[in-house]
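Please read the structure below before turning to the comments.
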Amino acid sequence: MTVLVTGARGAIARAVTDRLHAAGHPVRAASARPVELTPPPGVEGVELVLDRPETFPAALAGARQVFLYPEPAGIAAFVEAAEAVGVEHVVLLSSASVLEPGAEDDPPASHSLRVERALADAPFTVTLLRPDAFAGNALGWAHFIARGVPVPLAYPDACIAPVHPADIADIAVRALTGDRLAGRALTLTGAQSLTFREQLAIIADTIGRPVAVAEITREEAEEQLARHMPPAMAGSLLDLWARATVTPVPIADTTASLLAAEPRTFAEWVRENPAAFTAR
Ligand SMILES: NC(=O)c1ccc[n+]([C@@H]2O[C@H](COP(=O)([O-])OP(=O)(O)OC[C@H]3O[C@@H](n4cnc5c(N)ncnc54)[C@H](OP(=O)(O)O)[C@@H]3O)[C@@H](O)[C@H]2O)c1
127 MTVLVTGARG
137 AIARAVTDRL
147 HAAGHPVRAA
157 SARPVELTPP
167 PGVEGVELVL
177 DRPETFPAAL
187 AGARQVFLYP
197 EPAGIAAFVE
207 AAEAVGVEHV
217 VLLSSASVLE
227 PGAEDDPPAS
237 HSLRVERALA
247 DAPFTVTLLR
257 PDAFAGNALG
267 WAHFIARGVP
277 VPLAYPDACI
287 APVHPADIAD
297 IAVRALTGDR
307 LAGRALTLTG
317 AQSLTFREQL
327 AIIADTIGRP
337 VAVAEITREE
347 AEEQLARHMP
357 PAMAGSLLDL
367 WARATVTPVP
377 IADTTASLLA
387 AEPRTFAEWV
397 RENPAAFTAR
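What the sequence shown shows, in the working numbering, is residues 127 to 406, in sequence order.
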């Protein structure tokens, strides 16, 4: 019952691979750059590029389950190939953004939505994990905090419930190894709503240094974000934060509701990653 984990250099994929392997499940790690993989000893690494179908056979051989990162290019052929080799269950790392109004026309949301749709008619069981903002998004502030520069924010009072990546991995593994979550669509958040200001205060407490906010206009924020991502993605993130300033993102499924386990907090994530905010 090999589990194929795609996007295996990714943070969640690595955590899923490690957990499955540690629990004794046969697992294969597939990446667009397999030479850069560092899977646990005994875990095979293979090449998988969704828009290169010639990479499918070696990746899918003997696989009964797939942990899948959303990549619309080539997804229809991948679904066909997975069906042909007898895959029984796919757990997709989708996004809560697919539930937002206008998701179809929003580039990052439509990326995941197109994959969800390609899986909708598949003959195997599909579990949709739709996380909201990751705790690790705070790394976007690291550069400012490490230099002691105020963090520029257009919506410092946007209120979200960041989810710890290890919680996502725990839920993914439970979906892959038990029946209770399989086939469900799960919106995942952390258990605690926090504004960006509150998140920055937690970082400041952890590193023992004040962290200031510099309020900027939406236009300034758009310009800054567009240096690191396509402008449409920057616009949709800012829309989301504007909405979350008025209406906090609701708490959805967590490890408490799904696994009866205490959800990891944002503060825990910061304590695990202090160097990101202090290294220059
Ligand atoms: N951040 C959020 O708030 C948020 C919220 C909801 C959903 N999501 C979804 O979550 C996914 C991102 O998850 P993640 O944080 O686990 O992914 P990640 O670490 O950002 O990696 C994403 C993918 O990029 C590829 N990659 C290319 N170069 C890499 C490198 N140098 N190091 C690591 N990976 C590299 C990997 O696939 P290969 O190994 O095949 O190259 C990997 O699976 C996205 O699909 C996103 O839509 C994110």
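Backbone N, C-alpha and C define an ideal beta-carbon position, used for all residues, glycine too.
For residue i, count neighbouring C-beta atoms within 10 Å of its own C-beta (all shown protein chains included) and say buried if the count is 16 or more, exposed if not.
i, result
"Ala210", "exposed"
"Glu388", "exposed"
"Pro288", "buried"
"Asp296", "buried"
"Val172", "buried"
"Val161", "exposed"
"Arg140", "buried"
"Val372", "exposed"
"Arg306", "exposed"
"Ala156", "buried"
Does the distance between the C-beta of residue i and the nearest non-hydrogen atom of ligand 1 fall short of 7 Å?
i, result
"Val389", "Before going on, a small fix: residue 389 reads as Pro here, not Val. No."
"Ala319", "Sequence check: residue 319 is Ser here, not Ala. Because no heavy atom of ligand 1 lies under 7 Å away, the Cβ of Ser319 does not count as near it: no."
"Gly133", "yes"
"Asn399", "no"
"Ile377", "no"
"Gly136", "yes"
"Ser362", "no"
"Thr219", "Per the sequence shown, the amino acid found at residue 219 is Leu instead of Thr. Yes, Cβ of Leu219 sits closer than 7 Å to a heavy atom of ligand 1."
"Phe322", "no"
"Pro356", "no"
Do you know whose CA, among the options, lies nearest residue i's CA?
i, options, result
"Thr276", "Glu348, Ala327 and Ala156", "One detail in the question is off: residue 276 reads as Pro in this sequence, not Thr. For the residues Glu348, Ala327 and Ala156, the minimum Cα distance to Pro276 belongs to Ala327."
"Val217", "Thr391, Ser157 and Val131", "Val131"
"Pro336", "Cys285, Phe270 and Ser362", "Phe270"
"Ala230", "Thr380, Thr391, Ser362 and Ala405", "The displayed chain sequence assigns Glu, not Ala, to residue 230. Selected option, being the one with the closest Cα: Ser362."
"Val142", "Leu219, Gly274 and Glu346", "Leu219"
"Ala137", "Arg178, Thr380, Glu214 and Ala261", "Ala261"
"Glu398", "Arg135, Glu180, Glu226 and Pro291", "Pro291"
"Ile342", "Asp177, Leu279 and Asp247", "Leu279"
"Asp199", "Gly228, Val241, Val213 and Thr181", "At residue 199 the sequence reads Ala, which differs from the Asp that was named. Selected option, being the one with the closest Cα: Val241."
"Phe392", "His147, Leu245, Phe182 and Ala264", "Ala264"
Unbroken stretches of the alpha helix (DSSP H), 4 residues or longer, contained in the stretch 216-266: 233-246
Decide if the stretch 220-240 is in contact with the stretch 348-359; the criterion is three or more beta carbon pairs, one per stretch, under 8 Å apart. yes
Report yes or no: do three or more beta-carbon pairs, one from the stretch 317-334 and one from the stretch 189-196, lie closer than 8 Å? Taking a cut-off of 8 Å for Cβ pairs, the stretch 317-334 and the stretch 189-196 do not touch, as fewer than three such pairs fall below it.
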